[in-house]
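Just so you know, the sequence shown maps onto residues 289 to 462 in our numbering.
For every residue, glycine included, the Cβ atom is placed at its ideal position computed from N, Cα and C.
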Amino acid sequence: MSAGDGHIPIVKSLLWPDETATQLFASALAAQPALRNAFIELHGDLGAGKTTLVRHLLRALGVQGRIKSPTYAVVEPYELPELAVWHFDFYRFSDPREWEDAGFRDIFASPGLKLAEWPEKAAGFIPRADLVIHLVALDNDTREVTLTAQTPNGATLLRAANHGLPQRSQEGPP
């Protein structure tokens with residue numbers, strides 16, 4: 289299946305045996321210039337590791353101090369010297385008016401990195417993500433990870449960020 293821009297999604301499955309693998313992935317992702325204007329969706333059950341991945345990514349980008357989960361605020365903004373980052377958690381999102389009232393349309397139209405947990409709760413409002421990350425907790429430490437690049441920018445991120453991590457299957461179309 290092809291995306292609207294002619295890009296064929298690329299899917300990669302990984303196995304992260306521990307939190308160190310999550311941290312390595314986040315660090316590799318943070319080093320990519322393509323991340324500077326990307327939208328990444330994070331999917332997974334409660335406790336799958338979505339917020340942990342975001343925290344490692346924000347630390348790798350240089351965020352200092354406390355990194356809060358935006359569960360109650362819906363969005364936590366971070367201003368870095370050359371990058372604006374918005375971490376969304378749409379778990380409690382239920383009113384479409386909130387989208388307009390909170391200025392989310394403007395945020396998604398502006399440059400910067402957008403990270404969204406529970407994006408399915410805002411379906412129909414958010415744009416297509418560059419990279420979709422599905423996390424499944426196999427036990428306390430191990431995560432099964434599926435990465436889907438839905439845009440050329442996402443494909444750049446996927447190719448650059450997964451080097452050196454244990455893979456379950458090869459890259460290919462869904």
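Item to check | Contact check, residue 414 vs residue 404, beta carbons under 9 Å | outcome: What you label residue 414 is simply residue 126 of the sequence shown in a count that begins at 1. What you label residue 404 is simply residue 116 of the sequence shown in a count that begins at 1. With respect to residue 404, residue 414 sits close: the two C-beta atoms are nearer than 9 Å.
Checklist entry - So what's residue 339 in DSSP terms, helix, strand or just coil? => result Counting from one through the sequence shown, the residue named residue 339 turns up at place 51. The answer is helix: DSSP assigns residue 339 an H, G or I state.
Checklist entry - Three-state secondary structure (DSSP) at residue 356? => result Position 68 of the sequence shown, counted from the first residue, corresponds to residue 356. Here DSSP, grouped into helix, strand and coil, assigns residue 356 to coil.
Item to check | Alpha-carbon to alpha-carbon, residue 447 and residue 436 | outcome: Working through the sequence shown from its first residue, we reach residue 436 at position 148. Working through the sequence shown from its first residue, we reach residue 447 at position 159. About 11 Å.
Checklist entry - Which stretch, first to last residue, makes up the beta strand (DSSP E) that contains residue 376? => result On the sequence shown, residue 376 is found 88 positions in, with the first residue counted as 1. Run containing residue 376: 371-377, per the beta strand (DSSP E) assignment.
Next on the checklist: Considering only the alpha carbon of each residue, which of 406, 442 and 354 lies closest to residue 336?
Outcome noted: What you label residue 336 is simply residue 48 of the sequence shown in a count that begins at 1. Per the Cα distances, 406.
Next on the checklist: Would residue 443 and residue 295 qualify as a contact pair, given that the criterion is a beta-carbon distance under 9 Å?
Outcome noted: Within the sequence shown, residue 443 is the residue found at index 155, counting from 1. Within the sequence shown, residue 295 is the residue found at index 7, counting from 1. Judged by beta-carbon spacing, residue 295 lies within the 9 Å limit of residue 443, meaning their Cβ atoms are closer than that value.
Checklist entry - For residue 366, which of 408, 346 and 382 has the nearest alpha-carbon? => result As a position in the sequence shown, residue 366 is number 78, starting the count at 1. The shortest C-alpha separation from residue 366 is found at 346.
Next on the checklist: Below 8 Å on the Cβ atoms is my contact criterion, and I expect residue 328 with residue 421 to pass it. Report the Cβ-Cβ distance as a whole number of Å.
Outcome noted: One-based indexing of the sequence shown puts residue 328 at position 40. One-based indexing of the sequence shown puts residue 421 at position 133. Confirmed, about 6 Å.
Checklist entry - Which ranges would you report for the alpha helix (DSSP H) in the segment 379-413 if only whole runs of at least 4 residues count? => result Taking 4 residues as the minimum length, the alpha helix (DSSP H) runs contained wholly in the segment 379-413 are 384-389 and 392-397, in order along the chain.
Checklist entry - Count the other CB atoms within 10 Å of the CB of residue 461; is the residue buried (16 or more) or exposed (fewer)? => result Indexing the sequence shown from 1 puts residue 461 at position 173. Only weak support exists for where residue 461 lies, its pLDDT of 48 falling under 50; the value from the coordinates is given anyway. When all chains shown are included, residue 461 counts as exposed.
Item to check | Extent of the continuous alpha helix (DSSP H) run through residue 308 | outcome: Position 20 of the sequence shown holds residue 308. In the DSSP assignment, residue 308 falls within the alpha helix (DSSP H) that extends over 307-318.
Checklist entry - For residue 326, which of 449, 402 and 433 has the nearest alpha-carbon? => result Position 38 of the sequence shown, counted from the first residue, corresponds to residue 326. Looking at the Cα atoms, 402 is the closest of the given residues.
Item to check | Residues of its chain near residue 434, where Cβ-Cβ distance is below 7 Å and the 5 sequence neighbours each way are ignored | outcome: Stepping through the sequence shown from its first residue, residue 434 is reached at position 146. Here the set comprises 299, 301 and 422.
Checklist entry - Who pairs with residue 434 in a beta bridge, going by DSSP? => result Taking the sequence shown and counting its residues from 1, the one referred to as residue 434 is at position 146. Answer by DSSP bridge pairing, in chain order: 301 and 422.
Item to check | Collapsed DSSP secondary structure at residue 344 in the structure displayed | outcome: Translated into the one-based positions of the sequence shown, residue 344 becomes position 56. Helix.
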